[in-house]
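Please read the structure below before turning to the comments.
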Amino acid sequence: VGGLPQREDLERIAVTREAAGPDCRVMIDALHAYNVPEALSLAKKAQEHNIYWFESPVALTDTKGHSIVNKRSGIPVCANESLQGCRAFKNLIDQRAAEFVHLDLCVCGGITEGLKIAAVAEAHDLRISLHAANTVCLFSTSIHFAASVPNCDSVENHQVHRLLSDYAPIATMELQDGPYVSPLNMPGHGMEFLTPDFVDSLDKKIAEGLYASEK
Numbered sequence: 010v011g012g013l014p015q016r017e018d019l020e021r022i023a024v025t026r027e028a029a030g031p032d033c034r035v036m037i038d039a040l041h042a043y044n045v046p047e048a049l050s051l052a053k054k055a056q057e058h059n060i061y062w063f064e065s066p067v068a069l070t071d072t073k074g075h076s077i078v079n080k081r082s083g084i085p086v087c088a089n090e091s092l093q094g095c096r097a098f099k100n101l102i103d104q105r106a107a108e109f110v111h112l113d114l115c116v117c118g119g120i121t122e123g124l125k126i127a128a129v130a131e132a133h134d135l136r137i138s139l140h141a142a143n144t145v146c147l148f149s150t151s152i153h154f155a156a157s158v159p160n161c162d163s164v165e166n167h168q169v170h171r172l173l174s175d176y177a178p179i180a181t182m183e184l185q186d187g188p189y190v191s192p193l194n195m196p197g198h199g200m201e202f203l204t205p206d207f208v209d210s211l212d213k214k215i216a217e218g219l220y221a222s223e224k
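This is the structure we're talking about:
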């Protein structure tokens, strides 16, 4: 949401809820597009569609604004995957600017820093969600991370970022019991390092347009 007039965004939310059914989680993400009044206005009108969370409703640096939206909108806020370091997340948590603490292990400072952030969130009875929507290596690592902490709600992954997954069978993960996956049963983050031969073959496939033709 946030890229179209509010009326159109609300129509899209309604269509999504209808298609997903009453039991599926529906989240909305504004990508920091709104100011506080705009975010509150949209959220109040979207409440009827049982929105699970409202991600990044206002500017990244507006922690107070996130707190206002979280407390007044009626929809829990999820934030903020672009923050770096435990101190930045502690500030977010101290101001109760989110109910879901959203971190990216490639951005926040890595696995060790992520564990600190998860612990601070847990101490405040908050859940975390992992942003893992770029590389298959990050996704695999995030699944391992999620399994290691008690307060992880979910791991975000986009099918539009499946290029390496398509051509890396070593990273294949199957859904189990609905929307669940298990960590790969391999050492470390669960993946082997990509070999030069694999990279060369991937470059060739991209050059030949095979991936584009499959989309």
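Just so we're aligned, residue 10 is where the sequence shown starts under this note's numbering, counting upward by one. For each residue, glycine too, the CB sits at the ideal point set by N, CA and C.
Alpha carbon to alpha carbon, what distance is there between residue 213 and residue 60? 43 Å
My guess is that residue 78 and residue 58 are in contact by the Cβ rule of under 8 Å, so how many angstroms apart are they, rounded? About 17 Å separates the two Cβ atoms, so there is no contact after all.
Going by other Cβ atoms of all chains shown within 10 Å of its Cβ, with 16 needed for buried, is residue 129 buried or exposed? buried
Selected residue, minimal CA-CA separation from residue 98, among 141, 38 and 125: 125
So what does DSSP say about residue 136, is it helix, strand or coil? strand
Take residue 137 as the anchor and find which of 16, 205, 51 and 88 has the nearest alpha-carbon. 88
Considering only the beta carbon of each residue, do residue 107 and residue 153 sit closer than 9 Å? no
Note down, in chain order, each residue of its chain lying with its Cβ closer than 7 Å to the Cβ of residue 166, except the 5 sequence neighbours on either side. 141, 142 and 148
Contact under 9 Å by Cβ, residue 131 with residue 158: yes
Identify the continuous alpha helix (DSSP H) that holds residue 101 and give its terminal residues. 95–103
Could you give the DSSP three-state label for residue 22: helix, strand or coil? helix
Using C-beta distances below 6 Å, list every residue in its chain close to residue 113, excluding the 5 sequence neighbours before and after it, in chain order. 90 and 140
Throw me the rounded Cβ distance for the residue 82 and residue 48 pair, which I believe falls under 8 Å. 7 Å
Enumerate in chain order the residues of its own chain whose CB-to-CB distance from residue 162 is below 8 Å, with the five nearest sequence positions on each side excluded. 109, 136, 137 and 138
Straight-line CA distance for residue 206 to residue 134? 47 Å
Assuming residue 64 contacts residue 95 (C-beta within less than 8 Å), just tell me the rounded distance between them. With a Cβ gap of about 21 Å, residue 64 and residue 95 do not count as contacting.
Residue closest to residue 22, alpha-carbon to alpha-carbon, out of 118, 55, 115 and 197: 55
Report the three-state DSSP secondary structure of residue 111 (helix, strand or coil). strand
So what's residue 38 in DSSP terms, helix, strand or just coil? strand
Is any heavy atom of the ligand MG found at a distance shorter than 8 Å from the C-beta of residue 192? Absence of the ligand MG from the depicted structure is noted, as is the absence of any ligand whatsoever, leaving it without description.
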